[in-house]
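So the sequences go chain by chain: A and B. Following the working numbering, the numbering of the first sequence begins with 110 at its first residue and continues without gaps. Following the working numbering, the numbering of the second sequence begins with 110 at its first residue and continues without gaps. Beta carbons are placed, not taken as given, at the ideal position from N, Cα and C, and that holds for glycine.
2 protein chains.
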Amino acid sequence: MLKNDLFLRALRRQPCSRTPIWVMRQAGRYLPEYRAVREKTDFLTLCKTPELATEVTIQPVELMGVDAAIIFSDILVINEAMGMDVEIIETKGIRLTPQIRSQADIDRLIVPDIDEKLGYVLDAIRMTKKELDNRVPLIGFSGAAWTLFTYAVEGGGSKNYANAKKMMYREPKMAHMLLSKISTVITEYTLRQIEAGADAIQIFDSWASALSEDDYREFALPYIRETVQAIKTKHPETPVIVFSKDCNTILSDIADTGCDAMGLGWGIDISKARAELKDRVCLQGNMDPTILYGTPERIKAEAAKILKQYGPHTEHSGHVFNLGHGILPDVDPANLKLLVEFVKEESVKYH
Amino acid sequence: MLKNDLFLRALRRQPCSRTPIWVMRQAGRYLPEYRAVREKTDFLTLCKTPELATEVTIQPVELMGVDAAIIFSDILVINEAMGMDVEIIETKGIRLTPQIRSQADIDRLIVPDIDEKLGYVLDAIRMTKKELDNRVPLIGFSGAAWTLFTYAVEGGGSKNYANAKKMMYREPKMAHMLLSKISTVITEYTLRQIEAGADAIQIFDSWASALSEDDYREFALPYIRETVQAIKTKHPETPVIVFSKDCNTILSDIADTGCDAMGLGWGIDISKARAELKDRVCLQGNMDPTILYGTPERIKAEAAKILKQYGPHTEHSGHVFNLGHGILPDVDPANLKLLVEFVKEESVKYH
């Protein structure tokens, strides 16, 4: 039994004594303790060494007091497992080879056995669950198909997604074939994470806002829905968070995937999202990460504003406090600690 | 008298026989004719040589048949006129020195005499107006204060606007002082462009979506309003377009600046924007620029969809067809030409 299950209760829209908080990239470079581990090895080796992944996953729980852990990994492990060579140079950039541009390229990608190719993530989840000893829930995660598709086609990050969109707009069937192949892996991967012990799953569609509403409905949402529905069928008790960052004009469509919670970027007042969705889903977010560069007063004022914008909780509401994107590497950890403590205290009055 | 005043009529929400079209960065690298001029000189020298700026400004009118010209220039000419050294390496990046980080830095920036420091833009406008010989209207433009502020503080482009936001969140009064100083120049600059012959003004807030709703209301909109209101007072007949890209959750606030038209990115169905704003303003947009990588059929289908989403025109509606961002340098000019011709034909039935 979890000692602190506030995060899961909020995702399930069950009554909570206060608003839970965790932050994206909470196991990351802003923590000197993370940098100490990271110095010994490269980024992907850290992901692939369960002892080290476990250590950095637990750091923010112990150092910052967050209400959930998220397994230390990267969304691109799926591209690698499918047969692409992935280089991640933290702070510098990402390179995937070969770029996937033709039907032959797509055919060469494999649908891997998860235990064989991504067993290290499952091992890290099992080890972390043991080390956490039920202090807080553990989040598993995956990139969404559209985002992983852009990395596959572009061979890295991209400004305009020119090649990904060329495929979508010139060879839509081929694009769907690649998206579908990636989505199959995502679905199996998230199911296996749950079976290894993950208490919730977050799907990161980091580049979601690059698509128009209709293109997001055609090229992104069906694949997210596929994964959500597979999880809901096999593990109905496991909450799923969909983070389609900055898709603020299609919130209802995202909720229609059947997810339990939706992550929000800071581009929308959370009050508006709640009003539109009418407590159909839990909302996660949505402070601008750069607020953590501010003074303690500014940080507290912003957190208080977001809690107030979400407003009083009812029987079926749910809010998980988070940033609208990952914490930035040069943020003072003291500022995150201050935020976590403030949210824990300030949120009580809304519950 | 203008031979083709459709663009101005649409901005003023007067009846039109069809929907006018121009595209952002239409005078740019996708055109071989532009590259031929550009080869002879560097980017800023091209901006500063009225003969050459006039030549490339007119190219898309003659080659593509667009319904408006936009003076060839760059938003950063204001930063330069205020005393910063600006280097623009097309395709590479932008560097401004010194970075503006302290009160002393702000105090050292000048509020320039526009004729003295930006006279070359006014000369280019006068020359272009003459060369255009009333074929189509000429758009003048400026960056918005928030966007120019980020360039000043960051000293270039930025991923997270860390330094700009540090100033906003740690020293908000100082940030407002810098924004205000920049805004004073913007206002005077746009007025002088109108007096030199510009038929409409567009304010580009390229990095608008980096701010939360409240921060956009505090740090961006008041300065846009200042410029719009100054134009409306001195030159009430000159339409103003505000392009706060991807600020799709605060459309009404943007309309409240008093602008005549609003530019939209492709992240929102134009039908939703029209429904929310109820024809208070003309809408400009909003095709994903990467659609121009698609097949002719895909390009036409997308343009037809946007025209249909905007829907039938009424006595007080207005739509200017455009991309949701600048045309990309590797687009085939034939695809833009096809788009322009298709919009001209297809839009008739909605008027």
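Assuming residue 54/A contacts residue 208/A under a Cβ cut-off of 8 Å, what Cβ separation, rounded to an integer in Å, is found between them?
Outside the displayed range of chain A (110 to 460) lies residue 54/A, so it cannot be described from this structure.
Counting contacts by CB-CB distance shorter than 9 Å, is residue 361/B in contact with chain A?
Chain A contact via Cβ: absent.
Between the stretch 392-421 of chain B and chain A, which residues of the former have CB atoms less than 7 Å from a CB of the latter, in chain order?
Answer in chain order: 397, 399, 400, 402, 403, 404 and 407.
Would you call the stretch 193-203 of chain B and the stretch 146-164 of chain B touching, i.e. three or more CB-CB distances under 8 Å?
Counting Cβ pairs under 8 Å, three or more are found: they touch.
Round the Cβ separation of residue 190/A and residue 226/A to the nearest angstrom and send it over; I've been treating them as touching at under 8 Å.
That pair is a contact at about 4 Å.
Counting along the chain, where does the alpha helix (DSSP H) carrying residue 237/A start and finish?
Counting along the chain, the alpha helix (DSSP H) containing residue 237/A begins and ends at 223-241.
To the nearest angstrom, how far is it from the Cα of residue 182/A to the Cα of residue 436/A?
Looking at the two C-alpha atoms, the distance is approximately 15 Å.
Where does residue 424/A fall in DSSP's three states?
Residue 424/A: coil per DSSP, three-state reduction.
Could you check the C-alpha separation between residue 128/A and residue 406/A for me, to the nearest Å?
Cα to Cα, the separation comes out at about 20 Å.
Helix, strand or coil for residue 314/B? Go by DSSP, reduced to three states.
It is a strand residue.
In the stretch 113-141 of chain B, which residues sit with their C-beta less than 9 Å from some C-beta in chain A, listed in chain order?
Listed by position, the residues of the stretch 113-141 of chain B near chain A (Cβ gap below 9 Å) amount to none.
Check distances from the C-beta atoms of the stretch 356-384 of chain A to those of chain B and list, in chain order, the residues that come in under 7 Å.
Those residues of the stretch 356-384 of chain A that come within reach of chain B (Cβ to Cβ, closer than 7 Å) are 357, 358, 375, 376, 377, 378 and 381.
Could you confirm whether any beta carbon from chain A is found closer than 9 Å to the beta carbon of residue 324/B?
Yes, its Cβ sits closer than 9 Å to a Cβ of chain A.
Quick check on the burial criterion: 16 or more other C-beta atoms within 10 angstroms. Buried or exposed for residue 421/A?
Flag for residue 421/A reads exposed.
Taking 9 Å as the cut-off, decide whether the C-beta atoms of residue 418/B and residue 379/B are in contact.
Yes, Cβ-Cβ distance for residue 418/B and residue 379/B is below 9 Å.
Under DSSP, the alpha helix (DSSP H) around residue 323/B begins and ends at which residues?
Residue 323/B -> alpha helix (DSSP H) spans 322-328.
Taking contact to mean at least 3 C-beta pairs separated by less than 8 Å, is the stretch 279-298 of chain A in contact with the stretch 319-326 of chain A?
No, the stretch 279-298 of chain A is not in contact with the stretch 319-326 of chain A.
Any chance the stretch 323-336 of chain A sits against the stretch 221-236 of chain A, with 3 or more Cβ pairs inside 8 Å?
Because the criterion of three Cβ pairs below 8 Å is not met, the stretch 323-336 of chain A and the stretch 221-236 of chain A do not touch.
May I have the straight-line CA-CA distance separating residue 396/A from residue 242/A, to the nearest angstrom?
Residue 396/A and residue 242/A: Cα-Cα distance of roughly 30 Å.
Nearest chain A C-beta to residue 71/B closer than 9 Å, yes or no?
Given that chain B is displayed from residue 110 to residue 460, the structure contains no residue 71/B and the question cannot be resolved.
Identify whether residue 80/A lies in helix, strand or coil by the three-state DSSP scheme.
Chain A is shown from 110 up to 460; residue 80/A falls before or after that span and cannot be answered.
Go ahead and pull the three-state DSSP assignment for residue 130/A.
Three-state DSSP puts residue 130/A in a strand.
If we call anything under 9 Å between Cβ atoms a contact, is residue 130/A one with residue 452/A?
Their beta carbons are under 9 Å apart, which means residue 130/A touches residue 452/A by this criterion.
Name, going along the chain, the residues of the stretch 262-273 of chain B whose beta-carbon falls closer than 8 Å to a beta-carbon of chain A.
Per Cβ criterion, the list reads 269, 270 and 271.
Less than 9 Å between the C-beta atoms of residue 360/B and residue 385/B, yes or no?
Result yes, Cβ atoms of residue 360/B and residue 385/B sit closer than 9 Å.
Residue 274/A: which of 292/A, 290/A and 255/A sits nearest, CA to CA?
The residue with the shortest Cα to Cα distance from residue 274/A is 255/A.
Rounding to the nearest angstrom, what Cα-Cα distance links residue 313/B and residue 393/B in this structure?
Distance between the alpha carbons of residue 313/B and residue 393/B: 13 Å.
Check residue 307/B in the structure and name its three-state DSSP category.
Coil at residue 307/B, not helix or strand.
Can you tell me whether residue 269/B is helix, strand or coil according to DSSP?
The answer is coil: DSSP assigns residue 269/B none of H, G, I, E or B.
So with Cβ pairs under 9 Å, would you call residue 439/B a contact of chain A?
Judged by the 9 Å Cβ criterion, residue 439/B is in contact with chain A.
Between which two residues does the beta strand (DSSP E) holding residue 410/B run?
No beta strand (DSSP E) contains residue 410/B, which is instead part of the alpha helix (DSSP H) from 405-419.
For the stretch 291-320 of chain A, enumerate the residues whose C-beta is nearer than 7 Å to any C-beta of chain B, in chain order.
Of all residues in the stretch 291-320 of chain A, 318 have a Cβ within less than 7 Å of some Cβ in chain B.
Using alpha carbons as the reference points, say which of 293/B, 245/B, 261/B and 349/B lies closest to residue 115/B.
Nearest of 293/B, 245/B, 261/B and 349/B to residue 115/B, Cα basis: 245/B.
Indicate the three-state DSSP secondary structure (helix, strand or coil) for residue 123/A in the structure shown.
Three-state result, residue 123/A: coil.
Strictly under 9 Å for the Cβ-Cβ distance: is residue 275/B near chain A by that measure?
It does; some Cβ of chain A falls within 9 Å.
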